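Top line first, the protein sequences correspond to chains A and B.
Just so we're aligned: 18 in this note's numbering is position 18 of the first sequence, and the numbers increase by one with no gaps anywhere.
Just so we're aligned: 1101 in this note's numbering is position 101 of the second sequence, and the numbers increase by one with no gaps anywhere.
Built from N, CA and C at the ideal position, the CB exists for glycine as well.
Note that the coordinates shown come from a computational prediction; the quantities given were computed from them, not determined experimentally.
Taking it in order: structure first as structure tokens, then the write-up.
Protein chains: 2
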Amino acid sequence: MFSLPVISEKTVARLALYRRLLGDLLSQGRRSIYSHELAALAKGSAAQVRRDLMAVGYEGSPARGYSVEDLIGALSRLLDHPATQKVALVGVGNLGRALLSYFAGRGSQYSVAAAFDADPGKVGLAVNGCPVYGPDRLAEVIEREGIEVAMVAVPAGEAARTVHDLCTAGITGILNFAPVRVWVPEGVYIEYLDMSMSLERVAFFARSKRRTSQQDSALAK
Amino acid sequence: MFSLPVISEKTVARLALYRRLLGDLLSQGRRSIYSHELAALAKGSAAQVRRDLMAVGYEGSPARGYSVEDLIGALSRLLDHPATQKVALVGVGNLGRALLSYFAGRGSQYSVAAAFDADPGKVGLAVNGCPVYGPDRLAEVIEREGIEVAMVAVPAGEAARTVHDLCTAGITGILNFAPVRVWVPEGVYIEYLDMSMSLERVAFFARSKRRTSQQDSALAK
DNA sequence: TACTTATTGTGAAATATTTCACAGCGTTAC
DNA sequence: GTAACGCTGTGAAATATTTCACAATAAGTA
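Right under this line is the structure:
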């Protein structure tokens, strides 16, 4: 029993992307695909696709490439929890509501089973079919529902306390939308999704793109 | 004149993080900081911080480390547009509104100067102080306002057309929230911010964390 | 002044990631 | 049947990123 050959974060990110692309393909009726085709869709190289897929334990055929359906299955066995996974959300502001509607619609692997907000006016409501609890019930509800993963969409000032409480309640994975870095104990994985930092990155590379494309046109003469 | 020594995406991402952390520090009255302290906040290594800062062209003092204020200035000269930059938003659904409120409040470098939505019921409104136009006015408004960067928060099915139209209108940087990969011409930088893929990644590593921490406790005996 | 200490900036080593390149193998064509 | 083709899986090379390690340096101390 040695299932994990240590898959890097980058590889996991690409595997998730491959699965999404394959899903689109499958719904278009596509039955099989070659590494170079998948690479073109994912904007990578064929060698990288094959290398990534080595981690999945699914082998394609030299003649027909990969079966779209089987590969999705293999990716899902690796990436997904056996059962559909319940997720908690803390913070039912603008962003929190957007997240609830985002994950409510789609037939997603993930269902937001509990939301928490400090505003007493929101407690007791059901937003997009998800019940909203007060923050005092965090540990109890997470325990009862068997939730292991949480999203944090609270104001920056409350993020540290929120994350701490989630860790105490037994959460092992956190997706943090608040623009602050917070400490988590060993054994908890946290990822930051900071929209304004993403925007900064885009603006920076947009500028350098602009410069180089000007240079290109100059050179093209 | 040779301003760009080619800074990797990873480095830019960390520089943006450093700037945020330094901003917090400055507001707490901190005047100077050492590389290992900044590294602790950013959860990196001191050597990495120093290596990253080499790209910025600001030098610290061996005795006092880096001046928080000056370093923020140097980072901003590198990362920011000279003027406050206008951004466009396409798609004023749940997520779009969350983005508008997110970027409206804070005294951000970026201001969302124009939003677009196909729903005639939304056109003409001002959401969080941002005017909403119909999609037919995309090129005109972007041109008039001098906008170079856009955020896309439309349904998956409309993303390809939206991105195409933005590129035609002269946008050079796109932050795409729609869960589809789209083609952009040379000279346009696009970044994908796909929440459900982020959540998948978190859930995956949460599981492996759980496993290794179990192993740890077993080993700790 | 001279000595000690803690830090920076950076060449060089170590590590991580990506790409190359080719053996091996189904499939197809003749 | 067998030759030719185009693909996969993967060792090895190339490249990118991170860390190490140390000379250079400014401040504090006596």
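Over the uninterrupted alpha helix (DSSP H) stretch that includes ILE1072 (chain B), give me the two end residues. 1068 to 1079
Using the three-state DSSP reduction, which class does GLU1158 (chain B) fall into: helix, strand or coil? helix
Residues of the region 1196 to 1208 of chain B in Cβ contact with chain A at a cutoff of 9 Å, in chain order, please. SER1196, MET1197, SER1198, LEU1199, GLU1200, ARG1201, VAL1202, ALA1203, PHE1204, PHE1205, ALA1206, ARG1207 and SER1208
Does any heavy atom of the ligand ADP sit closer than 7 Å to the C-beta of VAL1092 (chain B)? The ligand content of the structure shown is nil, which means the ligand ADP is not present either.
To the nearest whole angstrom, what separates the beta carbons of TYR1110 (chain B) and PHE1116 (chain B), a pair I think is in contact under 8 Å? The Cβ separation is near 17 Å, so there is no contact.
Does DSSP classify GLN1214 (chain B) as helix, strand or coil? In this predicted model, GLN1214 (chain B) has a pLDDT of only 48, less than 50, meaning its place in the structure is not dependable; the value taken from the coordinates is given anyway. Note: GLN1214 (chain B) maps to helix in three-state DSSP.
What three-state label does DSSP hand TYR58 (chain A) in the structure shown? coil
Hey, would you say VAL1056 (chain B) sits closer than 8 Å to LEU1022 (chain B), going by beta carbons? no
In chain B, which residues lie less than 7 Å from SER61 (chain A) when you measure between Cβ atoms? Per Cβ cutoff of 7 Å: no residues; SER61 (chain A) is ~26 Å from chain B at best.
Expected contact under 8 Å - CB spacing of LEU1015 (chain B) and LEU1079 (chain B) to nearest Å: 6 Å
Return helix, strand or coil for GLU191 (chain A), following the three-state DSSP convention. strand
Looking at chain B, which residues of the region 80 to 105 of chain A have a Cβ within less than 9 Å of any of its Cβ atoms? ASP80, HIS81, GLN85, VAL87, GLY93, ASN94, LEU95, GLY96, ARG97, ALA98, LEU99, LEU100, SER101, TYR102 and PHE103
Of the residues A:GLU37, A:GLY170 and A:GLY96, which one's Cα is nearest the Cα of ASN128 (chain A)? A:GLY96
Let me check understanding here. Comparing Cα to Cα, which of A:VAL112, A:ALA113, A:VAL132 and A:SER108 lies closest to ASP119 (chain A)? A:VAL132
Taking the CB atoms as reference points, tell me whether ALA156 (chain A) and PRO179 (chain A) lie closer together than 8 Å. yes
Residue(s) in a DSSP beta bridge with ILE1174 (chain B): B:ALA1150 and B:ILE1190
Among the residues of its own chain, which have a CB less than 8 Å from the CB of LEU166 (chain A), if the five just before and after it don't count? ALA88, VAL90, LEU138, ILE142, ALA150, VAL152 and ILE174
Taking the alpha-carbon positions, what's the PRO1010 (chain B) to ARG1019 (chain B) distance? Reading the sequence as shown, one finds Lys at residue 1010 (chain B) and not Pro. Taking the straight line from one Cα to the other gives about 14 Å.
Between the beta-carbon of ARG1050 (chain B) and the beta-carbon of SER1027 (chain B), is there less than 8 Å? no
Is SER108 (chain A) close to chain B? Criterion is C-beta to C-beta, closer than 8 Å. yes
Helix, strand or coil, according to DSSP, for GLN48 (chain A) in the structure here? helix
Verify whether the separation of the beta carbon atoms of ILE147 (chain A) and LYS86 (chain A) is less than 8 Å. yes
Residue environment, GLN215 (chain A), which counts as buried when at least 16 other CB atoms sit within 10 Å: Low local confidence applies: a pLDDT of 46 at GLN215 (chain A) is under 50, so the model's placement there is unreliable, and no value is given.
Kindly say whether GLU1158 (chain B), judged by its beta-carbon, lies nearer than 8 Å to any beta-carbon of chain A. no
Please list, in chain order, all residues of the same chain as VAL1159 (chain B) whose beta carbon is under 7 Å from its beta carbon, the five residues on each side excluded. At residue 1159 (chain B) the sequence reads Ala, which differs from the Val that was named. Cβ neighbours of ALA1159 (chain B) beyond the five flanking positions: VAL1152, ASN1176, ALA1178, VAL1180 and VAL1182.
For THR84 (chain A), tell me which candidate among A:SER108, A:GLU186 and A:VAL92 has the shortest Cα-Cα distance. A:SER108
Considering only C-alpha positions, which residue in the set A:HIS81, A:ARG31, A:LYS43 and A:PRO82 is nearest to GLY60 (chain A)? A:ARG31
Does the separation of the CB atoms of ARG1201 (chain B) and ALA13 (chain A) fall below 8 Å? yes
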